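Comments concern the structure below.
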């Protein structure tokens, strides 16, 4: 399988990030508390990326965008990523793992000691995915999301240091 991962630069690419996120997160509509990703506005995402508050990557198969992840530097030591998305028809091909590997390399290149994410506690399949990629639970937190819903979450982290 040929794939390409690209750092997002254009408004069209930001639109692809938005669409892959919407397609990937739609499955959470069946949860008692749906993901706030479904209520994000494209204009807000464009402003955030173009304004430098966050960045994103896209993964393509045969020129078609099939996945994305958004990220930002939290402090001098860590990179936080969120909205890791793979459209349903492209799942099971290792693309989410490839995006995590890209993020780890980016973090190392930018002198970050770890990458972190927040995972809903009611998605054990997602927690298992991160565990299988050597992420560890740092702490549990209850948050109020952008839609005003109370969500139990887990902060997961992975060190980026390479020992030679």
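Numbering (our numbering), first residue to last: 419 to 582. In this text, a Cβ means the ideal position worked out from N, Cα and C, and glycines have one as well. Since the structure is predicted, the reported quantities are computational estimates derived from the model, not experimental observations.
The three-state reading of DSSP puts residue 466 in helix, counting H, G and I together.
Around residue 561, the same chain offers 569, 571 as residues with beta carbons nearer than 6 Å, after the five sequence neighbours per side are excluded. Note that the C-beta distance between residue 438 and residue 463 is not below 9 Å. For residue 557, the closest of 567, 545, 564 by C-alpha to C-alpha distance is 545. Two segments are said to touch when three or more pairs of C-beta atoms, one from each, lie closer than 8 Å; by this definition the region 500-510 touches the region 471-487. Spanning the alpha carbons of residue 468 and residue 434 requires a straight line of approximately 14 Å. Excluding its 5 nearest sequence neighbours in each direction, residue 577 has C-beta neighbours in its own chain below 8 Å: 531, 532, listed in chain order. A direct Cα-to-Cα measurement between residue 514 and residue 419 gives close to 14 Å. Under DSSP, residue 543 takes part in no beta bridge, so it has no partner.
Per DSSP, the continuous beta strand (DSSP E) segment holding residue 473 begins and ends at 473-479.
It is roughly 11 Å from the alpha-carbon of residue 505 to the alpha-carbon of residue 478. Close CB contacts of residue 456 within its chain, under the 8 Å cut and outside five residues either way in sequence, are with 440, 443, 444, 446, 447 (chain order).
In this structure, the alpha-carbon of residue 519 lies about 11 Å from that of residue 552.
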